[in-house]
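Trainee:
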Amino acid sequence: MGQKSIISISRRQFVQTLAPAGLALVLLPSGTKAQGQFPSKNLKLIVPYAAGGGTDAIARLIAQAVGTVLGQTMIVENNGTAGGNLATQQAASADKDGYTVLMANQGPMVVNPHLFKSVKVDTLKAFDPVSMIADTPLVVVVPKDSRFGSLQELVTFSQKNPDKLTYGSAGNGSASHLAVLLLATAAKFKAVHVPYRGAGPAISDLVGGNFDFMITTMPSIIGLMEAGTVRALAVTSKVRVTAFPVIPTVAELGWPDYETSAWYGFVVPAGVPKPVIEHLRSATVEAINTPALKERLIKEGATPLGSSPEEFAALLGKEHARWGALIKETGLRHD
Numbered sequence: 007m008g009q010k011s012i013i014s015i016s017r018r019q020f021v022q023t024l025a026p027a028g029l030a031l032v033l034l035p036s037g038t039k040a041q042g043q044f045p046s047k048n049l050k051l052i053v054p055y056a057a058g059g060g061t062d063a064i065a066r067l068i069a070q071a072v073g074t075v076l077g078q079t080m081i082v083e084n085n086g087t088a089g090g091n092l093a094t095q096q097a098a099s100a101d102k103d104g105y106t107v108l109m110a111n112q113g114p115m116v117v118n119p120h121l122f123k124s125v126k127v128d129t130l131k132a133f134d135p136v137s138m139i140a141d142t143p144l145v146v147v148v149p150k151d152s153r154f155g156s157l158q159e160l161v162t163f164s165q166k167n168p169d170k171l172t173y174g175s176a177g178n179g180s181a182s183h184l185a186v187l188l189l190a191t192a193a194k195f196k197a198v199h200v201p202y203r204g205a206g207p208a209i210s211d212l213v214g215g216n217f218d219f220m221i222t223t224m225p226s227i228i229g230l231m232e233a234g235t236v237r238a239l240a241v242t243s244k245v246r247v248t249a250f251p252v253i254p255t256v257a258e259l260g261w262p263d264y265e266t267s268a269w270y271g272f273v274v275p276a277g278v279p280k281p282v283i284e285h286l287r288s289a290t291v292e293a294i295n296t297p298a299l300k301e302r303l304i305k306e307g308a309t310p311l312g313s314s315p316e317e318f319a320a321l322l323g324k325e326h327a328r329w330g331a332l333i334k335e336t337g338l339r340h341d
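If you count the sequence shown from 1, you need to add 6 to reach this note's numbering.
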């Protein structure tokens, strides 16, 4: 009988022998990088809005922090075309390898499927949730020289003068659009909607006095609020924002059931391997809990989160039903 031979194979060869049987491993970092680990190249973060808005601001903060944790650059790519629908379709059809991430929030994920007939993506099935990032109240703002000194004055005028006031938003179906629609339904007034391709362009026109008011995310407007370039009339959360305790809530001004916020999270194309999703989630949560980023998010008026994919999936389902019901009630359609 001959001697038994000892065969030595490399790590890569071992993975390659498992791949045909569907058993290929996802190699995750453990202190040092080895060839074939995820991530071994830059990642892309698709933002379904133009640069300069609240979603973009949060996206750039988290992209830099997550990239640092992962040891790769997370490149932000903005595309606000068609209310973010094009970006959503682009992300949904990306390779299922974890290198393309979508910055998910209300508009593209849970509103547009009800609002646009042309949406070709079932967002609840086309994506796998990774983690929630943050939640932030919105704020009702007017130009600094506006005739309205309070939200009650603005609402009363609009009640008596239907469609005489105009309001801007980050786009059809955006959080800023739906927040006004929700308020108009609660307070029984009508105003003319002026959609933009992102909060940035809309805010520029608000400052210029091209429309009367806007409800927008705190991160997108906070600098102009502090500079006195715009005036804040109310926030949309149930309780006042710690950073701006003098600003009243919509609820305390006469509409006690009113509450809405903007939330942000990461999703990837459905079918990305679960170990990759878990690695992305772990890096995201670690980044969110970095003291510098956590402090920055809070300063921007946001509440840092970090969640499991299951918790994020539950939120998506709940929000999909909520905004779908509102759109059906109001008969709102875009195309």
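Cβ coordinates follow ideal geometry from the N, Cα and C atoms, glycine included. These numbers were taken from a predicted model, which means no experiment stands behind them.
Quickly, what does DSSP pair residue 270 with across the bridge? List them, please.
Mentor: Counting from 1 along the sequence shown, the entry for residue 270 is found at position 264. Per DSSP, 140.
Trainee: Rounding to the nearest angstrom, what Cα-Cα distance links residue 196 and residue 78 in this structure?
Mentor: On the sequence shown, position 190 is the one that residue 196 refers to. On the sequence shown, position 72 is the one that residue 78 refers to. Spanning the two alpha carbons is a distance of roughly 48 Å.
Trainee: Once you ignore the five residues that flank residue 214 on each side, which residues in its own chain have a CB closer than 6 Å to its CB?
Mentor: Translated into positions along the sequence shown, residue 214 becomes position 208. Nothing listed; no residue qualifies.
Trainee: How would you label residue 191, buried or exposed, when you count the other beta carbons within 10 angstroms and need 16 or more for buried?
Mentor: Position 185 of the sequence shown, counted from the first residue, corresponds to residue 191. With fewer than 16 Cβ atoms within 10 Å of its Cβ, residue 191 is classed as exposed.
Trainee: For residue 86 versus residue 177, is the C-beta spacing smaller than 9 Å?
Mentor: As a position in the sequence shown, residue 86 is number 80, starting the count at 1. As a position in the sequence shown, residue 177 is number 171, starting the count at 1. Taking 9 Å as the Cβ cut-off, residue 86 and residue 177 qualify as a contacting pair.
Trainee: Just to confirm the assignment, what range does the alpha helix (DSSP H) spanning residue 50 have?
Mentor: Along the sequence shown, one-based indexing puts residue 50 at 44. Taken as a continuous stretch (DSSP letters only), residue 50 belongs to no alpha helix (DSSP H), being part of the beta strand (DSSP E) at 49 to 53.
Trainee: Below 8 Å on the Cβ atoms is my guess for residue 236 versus residue 148; work out the distance and round it to an integer in Å.
Mentor: Reading the sequence shown from its first residue, position 230 is the one you call residue 236. Reading the sequence shown from its first residue, position 142 is the one you call residue 148. Taking 8 Å as the upper bound for CB-CB distance, residue 236 and residue 148 are in contact here, some 7 Å apart.
Trainee: Please name the residue, chosen from 327, 193, 182, that lies closest to residue 168 on a Cα-to-Cα basis.
Mentor: One-based indexing of the sequence shown puts residue 168 at position 162. For residue 168, the nearest C-alpha among the options comes from 193.
Trainee: Going by other Cβ atoms of all chains shown within 10 Å of its Cβ, with 16 needed for buried, is residue 273 buried or exposed?
Mentor: Within the sequence shown, numbered from 1, the residue matching residue 273 stands at position 267. It counts as buried.
Trainee: Using C-beta distances below 6 Å, list every residue in its chain close to residue 223, excluding the 5 sequence neighbours before and after it, in chain order.
Mentor: Counting from one through the sequence shown, the residue named residue 223 turns up at place 217. Closer than 6 Å at Cβ, skipping near neighbours: 60, 142, 144, 268.
Trainee: From the DSSP output, which residues share a beta bridge with residue 84?
Mentor: Sequence index remark: in the sequence shown, residue 84 carries index 78 (1-based). DSSP lists 53 as partners of residue 84.
Trainee: Going by beta carbon distance, what residues of the same chain come within less than 6 Å of residue 200, once the five residues before and after it are set aside?
Mentor: The residue labelled residue 200 in the question sits at position 194 within the sequence shown. Cβ neighbours of residue 200 beyond the five flanking positions: 172, 174, 217.
Trainee: Determine the closest residue to residue 54 out of 170, 72, 91, 74, with distance taken between C-alpha atoms.
Mentor: Locating residue 54 in the sequence shown gives position 48, where the first residue counts as 1. Considering only alpha carbons, the answer is 91.
Trainee: Is the region 284 to 292 close to the region 112 to 126, with three or more CB pairs under 8 Å?
Mentor: no
Trainee: Going by the beta-carbon positions, is the gap between residue 294 and residue 286 smaller than 9 Å?
Mentor: Start at 1 with the first residue of the sequence shown, and residue 294 comes out as number 288. Start at 1 with the first residue of the sequence shown, and residue 286 comes out as number 280. No; because the gap between Cβ atoms is not below 9 Å, this pair is not in contact.
Trainee: With distances taken from CA atoms, which of 179, 68, 306 is nearest residue 325?
Mentor: On the sequence shown, residue 325 is found 319 positions in, with the first residue counted as 1. For residue 325, the nearest C-alpha among the options comes from 179.
Trainee: With residue 109 as the anchor, note down where its beta strand (DSSP E) starts and where it stops.
Mentor: As a working mapping, residue 109 is identified with position 103 in the sequence shown. Element bounds for residue 109: 106 to 110.
Trainee: Which of the three DSSP states, helix, strand or coil, is assigned to residue 282?
Mentor: Sequence index remark: in the sequence shown, residue 282 carries index 276 (1-based). Taken through DSSP and simplified to helix, strand or coil, residue 282 comes out as helix.
Trainee: Are the Cβ atoms of residue 283 and residue 315 separated by less than 9 Å?
Mentor: As a first step, residue 283 is located in the sequence shown; it is residue number 277 there, counting from the start. As a first step, residue 315 is located in the sequence shown; it is residue number 309 there, counting from the start. Cβ distance < 9 Å, so residue 283 and residue 315 count as in contact.
Trainee: So which of 48, 306, 299, 323 has the shortest CA-CA distance to residue 312?
Mentor: Numbered from 1 along the sequence shown, position 306 holds the residue referred to as residue 312. Cα-wise, what sits closest to residue 312 is 299.
Trainee: Can you say whether residue 112 is buried or exposed, counting buried as having 16 or more other CB atoms within 10 angstroms of its CB?
Mentor: Here residue 112 refers to the residue found at position 106 of the sequence shown. Buried, because 16 or more other Cβ atoms sit within 10 Å of the Cβ of residue 112.
Trainee: Just the C-alpha distance for residue 68 and residue 204, rounded to the nearest angstrom, thanks.
Mentor: The count along the sequence shown starts at 1 and reaches residue 68 at position 62. The count along the sequence shown starts at 1 and reaches residue 204 at position 198. Taking the Cα positions, residue 68 is about 19 Å away from residue 204.
Trainee: Have a look at residue 48 and residue 239 and give me their C-alpha separation to the nearest angstrom.
Mentor: To locate residue 48, count along the sequence shown from 1; it is residue 42. To locate residue 239, count along the sequence shown from 1; it is residue 233. Going by the C-alpha atoms only, they are around 42 Å apart.
Trainee: Considering only the beta carbon of each residue, do residue 89 and residue 121 sit closer than 9 Å?
Mentor: On the sequence shown, position 83 is the one that residue 89 refers to. On the sequence shown, position 115 is the one that residue 121 refers to. For residue 89 and residue 121, yes; Cβs fall inside 9 Å.
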